[in-house]
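Numbering (full-length UniProt numbering), first residue to last: 1 to 402.
Structure first, commentary second.
Written out as structure tokens, the structure is:
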């Protein structure tokens with residue numbers, strides 16, 4: 001925010017004072033940007049929902065709270081606020097904050113892959129020099145990184161499909177990076193033609209996300225992701241620019257409800273292997289997420305602090321926002337680590353009876369749920385401080401205060 005400035009006048013002619021002299025005002029310090037705790041709360045809920053979905057696999061969670069659309073919208077709003085400064089500096093800052101946490105994650109993943117005997121040059125899908133070249137995506141996520149579909153054994157530290165599950169979340173970083181790079185152009189287009197820019201991603205999704213036009217390979221996946229979540233990113237721009245506030249609430253909520261109803265209708269006839277999981281149904285994901293985000297942003301109360309009963313979650317909300325990249329990057333590997341820990345329990349003497357084994361079998365996923373949170377805390381302590389270095393802040397082990 002712009003600091004206030006005090007003007008000093010001088011008449012040039014000395015006058016006799018008739019009142020006590022006024023104390024010169026103290027310099028006004030530049031105000032620090034105030035975080036919107038409502039948006040912080042939404043980001044925390046989105047992260048928790050992502051973990052729950054990857055833990056339990058409940059398809060209805062993607063309908064209950066479309067986390068990825070919400071996170072892209074929040075990122076778009078923050079990007080629009082930052083673009084009040086020169087665009088190149090903003091892009092460089094965003095990329096700088098993203099890459100070091102990714103590098104730490106990639107270093108661990110690649111070490112495990114190479115230790116397991118993986119050779120990207122002999123990959124059956126992308127072997128040779130191309131397989132080696134694609135390793136750059138572990139450093140700068142401009143495309144999809146290579147990984148083996150199976151490595152090791154199910155009796156090892158991680159199950160044989162761990163590489164697939166670990167690399168899965170990296171699509172979000174790829175999409176985020178491309179949105180950041182495109183944001184100056186998107187904001188320029190939005191300010192000149194707001195409604196066409198806002199609705200264009202939905203139209204593009206109807207073309208590339210329904211099979212009407214098919215783009216093969218990872219290029220097609222990247223274009224589809226950009227289209228599906230582009231509307232939510234531009235909604236973030238619209239939220240910052242004040243466009244949503246100009247639309248009567250009953251109009252925006254009514255239109256959003258109709259759009260979401262269409263999304264559910266489309267999903268009902270185009271279900272994938274996971275049923276109602278919107279992740280597998282691009283047009284349903286795009287329309288449901290778009291409408292959902294519009295309603296969330298229309299009712300945005302812009303809290304400076306969490307109100308009422310929500311206040312008790314303040315420290316956790318702050319922590320999850322300060323370590324959002326760390327939590328997102330590592331959560332799948334942490335979920336798989338819970339499996340290794342729980343499997344060791346079967347070796348304990350008092351759990352070898354049929355009754356004890358059956359009890360552990362029936363509550364296995366619940367124990368995974370309870371274990372993943374302390375493991376997340378350990379990940380925050382172990383590598384979370386890299387986010388501070390990336391943001392050019394002093395490193396903190398447990399940043400749960402604003």
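Ideal Cβ placement from N, Cα and C applies to all residues, glycine included.
Would you check if the distance between the CB atom of residue 406 and the CB atom of residue 169 is smaller than 8 Å? Residue coverage of the chain in this structure runs from 1 to 402, which leaves residue 406 outside it and unanswerable.
Taking C-alpha atoms, which residue in 173, 271 and 283 lies nearest to residue 262? In the chain shown, counting from the first residue as 1, residue 262 sits at position 262. Here the closest residue by C-alpha is 283.
On the DSSP bridge assignment, give the partners of residue 275 in chain order. Taking the first residue of the chain shown as 1, we reach residue 275 at position 275. The beta-bridge partner set that DSSP reports for residue 275 consists of 272.
Measure the C-alpha to C-alpha separation of residue 222 and residue 157 and round it to an integer number of angstroms. As a position in the chain shown, residue 222 is number 222, starting the count at 1. As a position in the chain shown, residue 157 is number 157, starting the count at 1. When rounded, the distance between both Cα atoms is 32 Å.
N- and C-terminal bounds of the alpha helix (DSSP H) containing residue 177: Indexing the chain shown from 1 puts residue 177 at position 177. Where residue 177 is concerned, the enclosing alpha helix (DSSP H) stretches over 170 to 192.
How would you write the range of the alpha helix (DSSP H) that residue 40 sits in, first residue to last? Along the chain shown, one-based indexing puts residue 40 at 40. Segment 37 to 56, the alpha helix (DSSP H) holding residue 40.
Residues in the same chain with beta-carbon distance under 7 Å from residue 367, minus the five sequence neighbours each way, listed in chain order, please. The residue you call residue 367 lines up with position 367 of the chain shown. Hits under 7 Å: 342.
According to DSSP, is residue 392 helix, strand or coil? Working through the chain shown from its first residue, we reach residue 392 at position 392. The answer is coil: DSSP assigns residue 392 none of H, G, I, E or B.
From residue 400 to residue 75, what does the alpha carbon distance come to, in whole angstroms? Indexing the chain shown from 1 puts residue 400 at position 400. Indexing the chain shown from 1 puts residue 75 at position 75. So the alpha carbons of these two residues sit roughly 20 Å apart.
Name the residue from 47, 96 and 288 whose alpha carbon lies nearest to the alpha carbon of residue 141. In the chain shown, the residue the question calls residue 141 occupies position 141. Put simply, of 47, 96 and 288 the residue whose alpha carbon is nearest the alpha carbon of residue 141 is 96.
Any idea what DSSP makes of residue 385, helix, strand or coil? Within the chain shown, numbered from 1, the residue matching residue 385 stands at position 385. If DSSP states are grouped into helix, strand and coil, residue 385 belongs with the helices.
On a CA-only basis, which of 36, 276 and 66 is nearest residue 49? Give me that one, please. Against the chain shown, residue 49 aligns to sequence position 49. For residue 49, the closest alpha carbon among the candidates 36, 276 and 66 is that of 66.
Terminal residues of the continuous alpha helix (DSSP H) containing residue 220? Here the question's residue 220 lines up with position 220 in the chain shown. According to the DSSP assignment, residue 220 belongs to the alpha helix (DSSP H) that extends over 217 to 241.
Give a yes or no on whether the C-beta atoms belonging to residue 404 and residue 364 are separated by under 8 Å. The question about residue 404 has no answer here: the residues shown for the chain are numbered 1 through 402.
Reduced DSSP category for residue 321 - H, G, I as helix; E, B as strand; rest coil: Locating residue 321 in the chain shown gives position 321, where the first residue counts as 1. In the three-state scheme derived from DSSP, where H, G and I count as helix and E and B as strand, residue 321 is classed as helix.
With three or more C-beta pairs closer than 8 Å as the rule, is the region 200 to 207 touching the region 218 to 233? The answer is yes - the region 200 to 207 touches the region 218 to 233, with three or more Cβ pairs under 8 Å.
Nearest neighbour of residue 143, chosen from 196, 175 and 208 [CA to CA]: Taking the chain shown and counting its residues from 1, one reaches residue 143 at position 143. If we check each option's Cα against that of residue 143, 175 comes out closest.
Would you call the region 286 to 306 and the region 38 to 58 in contact, with 3 or more CB pairs under 8 Å? Pairwise C-beta distances place the region 286 to 306 in contact with the region 38 to 58, as three or more of them are shorter than 8 Å.
Span of the alpha helix (DSSP H) around residue 77: Stepping through the chain shown from its first residue, residue 77 is reached at position 77. Judged by DSSP secondary structure, residue 77 falls within the alpha helix (DSSP H) whose first and last residues are 67 to 82.
Residue range of the alpha helix (DSSP H) that residue 292 falls in? Taking the chain shown and counting its residues from 1, one reaches residue 292 at position 292. 282 to 298 is the extent of the alpha helix (DSSP H) around residue 292.
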